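Input: a single structure, listed below in structure tokens.
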Amino acid sequence: MRIEQNNPFARLPEVASFNVTSSDIRENSVLSAPQLSGKFGVEGGQDISPELKWSGAPEGTKSYAVTVYDPDAPTGSGFWHWSVFNIPADVTELATGAGSEGGAYLPPGATQLNNDASFAGFIGAAPPIGDGPHRYYFVVHALDVDDIHIPADSTPAFLGFNMLTHTLGRAVIVVTFER
């Protein structure tokens, strides 16, 4: 079954885990309307990024990145819903809606990359009808650098490549959705 396959972190080096919580999403739950994609035609979808709070990051953390990824998208490369980097180490929360286009609600210094829908911001879930359940990995990455030094027009995959040797820990919430 696809739900048990294709863990996006299975082939990456193991790192420490820390805690992430949300008042909008819960581990192993089904996404609700705010985190679904109205832009991609999901009825009631609002494309609103969830609130995320984290704690217990490893010592030496100098910044964070947040990514949202669907490894089950039928693309051969998954689907990136949101990528934010250079979140200062003293920030431990992103409010609901922080992933709006333009980044007005992000902390100073943080940068959003284009998602796979080709805009910088959060795009909600919209798996193809009848494709079965998709998993959505909401991940906070603790990094050992203040600035990951990638251009703002980079791809989320390029961010992941550059984070590889700088990741001290990950905090993960996995949720699902299907149509």
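Residue numbering for the sequence shown follows our numbering, beginning at -14 and increasing consecutively.
Here a beta-carbon is modelled for each residue, glycine too, at the ideal position from N, C-alpha and C.
In this text, all values refer to a predicted model and were calculated from it rather than measured experimentally.
Would a C-beta distance cut-off of 8 Å place Tyr49 and Val76 closer than the cut-off? yes
How would you write the range of the beta strand (DSSP E) that Leu21 sits in, first residue to last? Run containing Leu21: none; DSSP gives neither H nor E here.
Enumerated in chain order, which unbroken segments of the alpha helix (DSSP H) with a length of 4 residues or greater are wholly contained in the stretch 92 to 159? 141 to 148
Local Cβ density within 10 Å of Ala137, reported as buried at 16 or more and exposed below that: exposed
In the DSSP assignment, what are the bridge partners of Val53? Trp67 and Phe123
Go to Lys38, then tell me how far its beta strand (DSSP E) extends in each direction, as first and last residue. Leu37 to Ser40
Quick one: residues in its chain with C-beta nearer than 6 Å to the C-beta of Ala111, no 5 flanking neighbours on either side, listed in chain order? Ser22, Phe25 and Val27
Below 8 Å between beta carbons: does that hold for Asn71 and Thr46? no
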